[in-house]
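Chains as they are written, first to last, in our numbering: chain A, 6 to 169; chain B, 16 to 229.
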């Protein structure tokens with residue numbers, strides 16, 4: 006039974022690992038921290054998995070656990086070593102896909118998003134993942150109206166970061 | 016700006032191919048690793064706290080001061096206070112256990128923070144309770160000590176003769192207050208450092224979420 010559950014969990018996480026990687030990308034700055042956070046999220050997901058009933062979509066459940074771990078539960082481990090700037094690897098923009106101005110603009114945008122606070126990042130992340138305001142508000146535990154207000158403030162904040 | 020975020024969204028979706036890919040085996044080994052979460056840290060700290068206070072509370076029984084205690088307190092008083100003390104520990108354990116159980120990673124972000132802060136509050140109450148008990152017990156023992164300790168009575172008699180009784184009392188009170196302030200200050204500082212370090216990020220984010228409700 007347990008072996009079955011392990012297998013099911015690992016397979017599902019393997020197939021949906023992008024969600025976790027995206028959260029890690031947003032909340033860490035180097036490869037080591039990325040892996041560290043990924044591991045902590047995996048542990049939390051696995052601990053919560055036996056109680057996952059499938060009432061909600063697996064992805065919704067994963068968004069919640071991943072964000073909770075990144076924002077609240079995760080503490081940087083001591084063995085953290087500063088490695089190369091990870092951002093440049095993960096957010097590399099393929100030159101052939103964009104014209105130069107757009108590429109530059111995107112680079113600045115990603116940089117601006119990384120500078121936001123933990124809560125703001127979560128909102129932007131869910132927004133980028135195409136979640137509606139109802140889902141955003143449920144994940145964060147705030148009202149839908151407040152989620153909209155917050156999102157507008159973030160947009161203003163991003164604008165100030167981009168055009169100081 | 017709207018357009019720019021939309022632009023970001025379009026690009027974001029293309030990011031998948033750049034993300035790392037972990038194998039089945041890599042993920043499998045991860046699920047058996049130890050968690051380093053903040054909840055685990057708080058759990059360890061509260062266990063240590065529990066033991067420290069239990070040791071401090073029962074210390075008089077291992078040392079010579081037990082005889083001294085017996086002068087001041089009757090056996091029944093000692094038994095009664097012990098029952099209260101252990102009762103408090105059990106109540107603390109009960110609430111601590113339940114608050115840890117209430118922490119759920121599948122809650123929404125705000126509720127998760129709330130339940131962690133609640134756990135921390137229970138630990139804080141326990142410490143506060145212990146400080147109050149420490150305060151009462153010390154004062155009571157001092158009073159008993161002054162009344163019964165022969166050396167102190169002799170000292171008091173000798174100072175009575177040269178009319179400096181008030182000064183001695185003031186001195187004793189002053190020393191006692193300073194010692195108490197230093198001890199309590201030390202404990203408070205210790206907690207501020209430990210929990211301040213541990214919960215700084217959480218407090219900040221929680222305040223931000225709460226501010227939205229206004």
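Virtual Cβ for every residue (Gly too), placed ideally from N, Cα, C.
Below 8 Å, enough C-beta pairs join the stretch 122-141 of chain B and the stretch 56-72 of chain B to call them touching: three or more.
With its beta carbon at least 7 Å from every one in chain B, residue 59 of chain A lies outside the interface.
Cα atoms of residue 195 of chain B and residue 105 of chain B: separation of roughly 27 Å, rounded to the nearest angstrom.
Residue ranges of uninterrupted alpha helix (DSSP H) with 4 or more members, entirely inside the stretch 20-46 of chain B and ordered along the chain, are 39-45. Residues of the stretch 134-145 of chain A with a C-beta less than 7 Å from any C-beta of chain B: 143, 144, 145, listed in chain order. Contact annotation, residue 64 of chain A with residue 124 of chain A: C-beta distance approximately 21 Å; criterion of less than 8 Å not satisfied. Chain B has no Cβ within less than 7 Å of the Cβ of residue 150 of chain A.
It is roughly 43 Å from the alpha-carbon of residue 130 of chain B to the alpha-carbon of residue 109 of chain A. Taking C-beta atoms as the reference points, residue 17 of chain A and residue 39 of chain B fail to come closer than 7 Å.
Listed along chain A, the residues sitting closer than 9 Å to residue 52 of chain B by beta-carbon distance are 45, 48, 49, 74, 77, 78, 79, 80.
Per the coordinates, the alpha-carbon of residue 91 of chain B lies some 10 Å from the alpha-carbon of residue 97 of chain B.
Closer than 9 Å at the C-beta level to chain A, one finds these residues of the stretch 120-148 of chain B: 120, 121, 122, 123, 124, 125, 126, 127, 128, 129, 131.
Within 10 angstroms of the beta-carbon of residue 165 of chain B lie fewer than 16 other beta-carbons, which makes it exposed. In the structure shown, residue 41 of chain A falls within a helical segment according to DSSP collapsed to helix, strand and coil. Taking CB atoms only, residue 123 of chain A has a neighbour in chain B less than 7 Å away. With respect to the C-alpha of residue 156 of chain A, the residue from A:169, A:168, A:136 having the closest C-alpha is A:136. Contact between residue 71 of chain A and residue 46 of chain A is confirmed by a C-beta separation of about 5 Å, below the 8 Å threshold.
Taking C-beta atoms under 8 Å as the contact rule, residue 120 of chain B and residue 131 of chain A fail to qualify, at a distance of about 17 Å. The beta carbon of residue 162 of chain B does not come within 7 Å of any beta carbon belonging to chain A, so the residue lies off that interface.
Note that the C-beta distance between residue 113 of chain A and residue 167 of chain A is below 7 Å. Distance from the Cα of residue 154 of chain B is smallest, within the candidate group B:178, B:171, B:142, B:190, for B:190. Not flagged as an interface residue toward chain A: residue 60 of chain B, since no C-beta distance is shorter than 7 Å.
Between residue 72 of chain B and residue 103 of chain B, the C-beta spacing is not below 7 Å. Annotation: residue 142 of chain B to residue 221 of chain B spans about 23 Å, alpha carbon to alpha carbon. Distance from the CA atom of residue 160 of chain B to the CA atom of residue 185 of chain B, rounded to whole angstroms, is 17 Å.
Not one beta carbon of chain B lies nearer than 7 Å to the beta carbon of residue 9 of chain A.
For residue 206 of chain B, not one C-beta of chain A is nearer than 7 Å to its own C-beta. In the displayed model, residue 102 of chain B falls within a helix according to three-state DSSP.
For residue 26 of chain A, the neighbours in chain B by C-beta distance under 7 Å run, in chain order, 34, 35. As the crow flies, the alpha-carbon of residue 48 of chain B is around 14 Å from that of residue 15 of chain A. Each residue's CA atom was taken as its position, placing residue 126 of chain A and residue 201 of chain B some 38 Å apart. Its Cα nearest to that of residue 115 of chain A, the residue B:24 stands out among B:210, B:229, B:110, B:24.
Distances from the CA of residue 67 of chain B to each of B:228, B:138, B:174 were compared; the closest alpha carbon is that of B:138.
Boundaries of the alpha helix (DSSP H) around residue 223 of chain B: 180-228. Secondary structure note for residue 134 of chain A: it is in no alpha helix (DSSP H), with a DSSP letter that is neither H nor E.
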